[in-house]
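Colleague: Quick one: structure below, then a few questions.
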Amino acid sequence: MVQPYCLVYEMRESHIMKIHYGTALAAVGLVAVHILMRMADGYHESLEFANVLANYQFIPYAGLLEIILILLSIHGFNGLRVILLELHQGRSYEKAVSYGCVAGMVALIAYGSRTIVMANMGMI
Amino acid sequence: MSDTVKLRIRRSATDDFDEFTIPVQKWTTILECILYAKYKIDHSIAVRYSCRQATCGSCGMKINGKPSLACFTKVSEIDGDTITVEPMANFPVIRDLAVKFDRLFKNHRDIIPYMNNDPPDSSRMHLQSPEELDRFIQFANCIKCGLCNSACPTMATDTSFTGPQALAQAYRYVADSRDKDKDKRLRIIDDSHGIWRCHFAGSCSQVCPKGVDPAMGIQLLRGYMLGLND
Ligand code: SF4
Ligand code: FES
C-alpha cells in the first residue's frame, strides 16, 4: 500500500506549487469574506464571547472557518517546507522536513477542527 | 579622473586585501589593472581570463561589491579612485580571484543544453520564422560567465538550486520551435531545488553583461509549467 506521506514526498514540485498558489488565492478570498462579515456585525461587538460562539454555531460560518483553517495550514506548512529546504540540503534532512511539515499540517488542522466542532456543538 | 587608482585584491592565502597602486587611462579595464599588478608587482596573483572582450565568460568577479566581468568594466565607470576586487560569491574559490565552475557546468549540462530533433527531410535546415526566433534569441547570448548565479540570493543558501544560468538556458531550448525535448527539460527543472525556488529577486538580470534576462526566462518557463504557454 502506498503510504500517504510518501505520496506527498514524491509529488511533483509543480503540483505542490499549484496547490500552494491556489490555497493562497482561495484564502485571500475567504478571509476577505470573513472580515466583511465581522464588519457587518459591528467590529467591536463581533469579538464579544457570546457573538464569537454564535458564529461557530452558525453552520455556514463554521464551515467557512474550517475551510480557511485547511487552506492556511496547507499554504503555511508548504511555505515552511520551502524555507527549510533552502536553508539546508541533504536527502534525509529533506525527507524529514517534508514528513514533518505534513505531520504539522495534519496536527494543526485536527486541533483547529476540534475547536470548531466543540464550539459548534456548544461544548465550550 | 586621476592617473592612478588604488587596486585592492582579495587574497585567498591571507583572507585579506593586498593593495596596489596602478597607473591608468580612462579606457583601462579592471582586468588590465589586475594584470599590471600581476606582471609588475606580484606574480602570485591568481586570475582567470582569456578573450578580454566579454566573450569567453572567464573573468567574472566582484568589482566594488557587484558581480561584473573584469575585461568589460572600465576604470572610468567606477566611482572614486579605489577599486576592490573579490572572487565571485556562491562559487568555491580555487585561489584569489579564480573560482570553480563545476556546479554551474553540471547544472548547465543537466538541462540538455542542445537541440534535439530529427534531421530535416531534405537538405534544408530546420525552418524557423523570425517571430519564433525572437522568443529565445536573447537567451542564446549567454556566455556562461556565472555572474547571474553569483548575484542570486537563493544560490547563496540552496546548494542544490539549479540557478538562473541553467534555468535561462532551459528556457532558451524549451522556447525553440525546432526542439523536441521540451517535456523532458520541463520535468528536469520541476524539482524541489529547481525552477520553483526562484523568488524573483531579479538580481541575475541586473548583473548580466550580455543583456540576457534570466529572471524573465524563469517566469516564462513557469508559464509553461502552469500550462499558460505551450
Ligand atoms: S545569463 Fe548572463 S550573467 Fe548569467 S551566465 Fe549567461 S551571460 Fe553570464
Ligand atoms: S576575458 Fe573573456 S569575458 Fe572577460
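The listed protein sequences correspond, in order, to chains A and B. Numbered per the numbering used here, the first sequence spans residues 3 to 126. Numbered per the numbering used here, the second sequence spans residues 4 to 233. Where is the CB? At the ideal position from N, CA and C, for every residue including glycine.
1. Name the chain B residues whose beta carbon is nearer than 7 angstroms to that of GLU15 (chain A)?
2. Count the other CB atoms within 10 Å of the CB of ALA109 (chain A); is the residue buried (16 or more) or exposed (fewer)?
3. What in chain A is Cβ-close to SER163 (chain B), meaning under 7 angstroms?
4. At the level of alpha carbons, what is the spacing between GLY124 (chain A) and HIS202 (chain B)?
5. Is any heavy atom in the ligand SF4 found nearer than 6 angstroms to the beta carbon of GLN168 (chain B)?
6. With H, G and I counted as helix, E and B as strand and the rest as coil, what does DSSP make of SER71 (chain B)?
7. Run the proximity test for ALA49 (chain B): is its beta-carbon closer than 6 angstroms to any non-hydrogen atom belonging to the ligand FES?
8. Using a Cβ-Cβ cut-off of 7 angstroms, state whether MET228 (chain B) counts as contacting chain A.
9. Could you work out which residue in B:TRP199, B:CYS36, B:CYS207, B:ASP184 is closest to ILE115 (chain B) when comparing CA atoms only?
10. For HIS46 (chain B), count neighbouring Cβ atoms within 10 angstroms of its own Cβ and tell me buried if that reaches 16, exposed if not.
11. What is the rounded straight-line gap between the Cα of SER195 (chain B) and the Cα of TYR23 (chain A)?
12. Can you find a C-beta in chain B that's less than 7 angstroms from the C-beta of MET107 (chain A)?
13. Once DSSP output is grouped into helix, strand and coil, what is the label at ARG112 (chain B)?
14. Select from A:GLY92, A:LEU86, A:TYR58, A:GLU47 the residue whose C-alpha is nearest the C-alpha of CYS103 (chain A).
15. Short of 7 angstroms Cβ to Cβ, which residues in the segment 142–164 of chain B face chain A?
16. In chain B, which residues lie with their C-beta within 8 angstroms of the C-beta of LYS20 (chain A)?
17. Roughly how many whole angstroms lie between the Cα atoms of SER16 (chain A) and MET228 (chain B)?
18. Could you give the residue range of the alpha helix (DSSP H) that holds PRO167 (chain B)?
19. Whose CA, out of A:LEU67, A:MET19, A:ILE111, lies closest to the CA of GLY81 (chain A)?
20. If we define contact as Cβ-Cβ less than 7 angstroms, is LEU87 (chain A) a contact residue for chain B?
21. Measuring alpha carbon to alpha carbon, tell me which of B:PRO212, B:PRO167, B:TRP30 ends up nearest THR220 (chain B).
22. Decide if the segment 73–82 of chain B is in contact with the segment 48–59 of chain B; the criterion is three or more beta carbon pairs, one per stretch, under 8 angstroms apart.
23. Check whether the Cβ atoms of HIS77 (chain A) and THR25 (chain A) sit closer than 7 angstroms, and answer yes or no.
24. To the nearest angstrom, how far is it from the Cα of PHE108 (chain B) to the Cα of THR85 (chain B)?
25. What residue range is occupied by the uninterrupted beta strand (DSSP E) comprising LYS77 (chain B)?
26. If you draw a straight line from the alpha carbon of ASN93 (chain B) to that of CYS148 (chain B), how long is it in whole angstroms?
27. Taking the Cβ atom as the reference point for each residue, do ALA218 (chain B) and GLY205 (chain B) lie within a distance shorter than 7 angstroms?
28. Taking all protein chains shown into account, do 16 or more other C-beta atoms lie within 10 angstroms of the C-beta of GLY44 (chain A), making it buried, or fewer, making it exposed?
29. Straight-line CA distance for GLN5 (chain A) to VAL96 (chain B)?
30. Under 6 angstroms from any heavy atom of the ligand FES, by CB: list those residues in chain order, please.
31. Looking at the C-beta of VAL4 (chain A), does it have a partner C-beta in chain B at a distance below 7 angstroms?
32. Taking MET41 (chain A) as part of the beta strand (DSSP E), name the residues at either end of that continuous run.
33. Mapping the DSSP letters down to three states, classify GLU134 (chain B) as helix, strand or coil.
34. From the DSSP output, in three-state form, read off LEU34 (chain B) for me.
Modeller: Taking the definition as stated:
1. ASP193, ASP194, SER195, GLY197, TRP199
2. exposed
3. GLN91
4. 45 angstroms
5. Yes, the beta carbon of GLN168 (chain B) sits closer than 6 angstroms to at least one heavy atom of the ligand SF4.
6. strand
7. Every heavy atom of the ligand FES is 6 angstroms or more from the Cβ of ALA49 (chain B), so no.
8. In terms of beta-carbon proximity, MET228 (chain B) lines the interface with chain A, with at least one pair separated by less than 7 angstroms.
9. B:ASP184
10. exposed
11. If you take the alpha carbons of SER195 (chain B) and TYR23 (chain A), they lie about 16 angstroms apart.
12. no
13. helix
14. Taking only the C-alpha atoms, the option nearest CYS103 (chain A) is A:LEU86.
15. Per Cβ criterion, the list reads THR157, THR160, ASP161, THR162, SER163.
16. LEU229
17. 7 angstroms
18. 166–177
19. A:MET19
20. yes
21. Just to set this straight, residue 220 (chain B) is Gly in the shown sequence, not Thr. Nearest neighbour of GLY220 (chain B) by Cα position, chosen from B:PRO212, B:PRO167, B:TRP30, turns out to be B:PRO167.
22. Yes: at least three Cβ pairs fall under 8 angstroms.
23. yes
24. 33 angstroms
25. That residue, LYS77 (chain B), is in no beta strand (DSSP E); it is neither H nor E in DSSP.
26. 13 angstroms
27. yes
28. exposed
29. Low confidence applies to GLN5 (chain A): its pLDDT is 46, below 50, so where it sits in the model is not reliable enough to give any reading.
30. B:TYR52, B:SER53, B:CYS54, B:ARG55, B:ALA57, B:THR58, B:CYS59, B:GLY60, B:SER61, B:CYS62, B:LEU72, B:CYS74
31. Bear in mind that the predicted position of VAL4 (chain A) carries a pLDDT of just 41, short of 50, making it unreliable; the figure below should be weighed with that in mind. It does not: the Cβ of VAL4 (chain A) has no partner Cβ on chain B nearer than 7 angstroms.
32. No beta strand (DSSP E) holds MET41 (chain A); the alpha helix (DSSP H) holding it covers 15–43.
33. helix
34. helix
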